[in-house]
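Residue numbers (numbering that gives the first Met the number 0): 0 to 85.
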Amino acid sequence: MEIKSKNQSNNNYQKQESNIKALCELERKIEKLMYIVSTVTVTPCVIILIVWVFLITVYVVGRKFFNFQWIFVEEFTGYMMVFIAY
0 MEIKSKNQSN
10 NNYQKQESNI
20 KALCELERKI
30 EKLMYIVSTV
40 TVTPCVIILI
50 VWVFLITVYV
60 VGRKFFNFQW
70 IFVEEFTGYM
80 MVFIAY
């Protein structure tokens with residue numbers, strides 16, 4: 000009876016070790032994926048932010064001196080402020 004319980008506990012320990020190894024491998028894959036995604040998306044995000052700042056500047060100057068308004072700029076400016084805040 001004791002031999003069976005020792006074998007069973009040893010078997011459970013091996014399963015735990017196997018699960019830990021699988022989780023570590025999954026964690027490494029997720030970290031690699033996140034690194035690739037962040038590396039690829041940095042340049043487009045910087046370009047979009049620069050273009051958006053330029054668009055807001057044109058909108059503010061145009062509204063002040065030429066009395067024209069773009070509604071979509073006001074909406075997206077609010078969204079951008081939320082993204083910057085968080």
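The C-beta atom is built at its ideal place from N, Cα and C for all residues, glycine as well.
What would DSSP say about residue i, mapped onto helix, strand or coil?
| i | result |
| --- | --- |
| M0 | Its pLDDT being 48, under 50, M0 is placed unreliably in this model, and the value from its coordinates should be taken loosely. Coil. |
| N66 | coil |
List the endpoints of the continuous alpha helix (DSSP H) containing residue i.
| i | result |
| --- | --- |
| F82 | 70-84 |
State the CB to CB distance for the pair residue i and residue j, rounded to an integer number of angstroms; the pair is presumed to be in contact (CB under 8 Å).
| i | j | result |
| --- | --- | --- |
| W51 | M79 | 6 Å |
Quick one: any contact between the region 20-38 and the region 47-57, if contact means 3 or more CB pairs under 8 Å?
no
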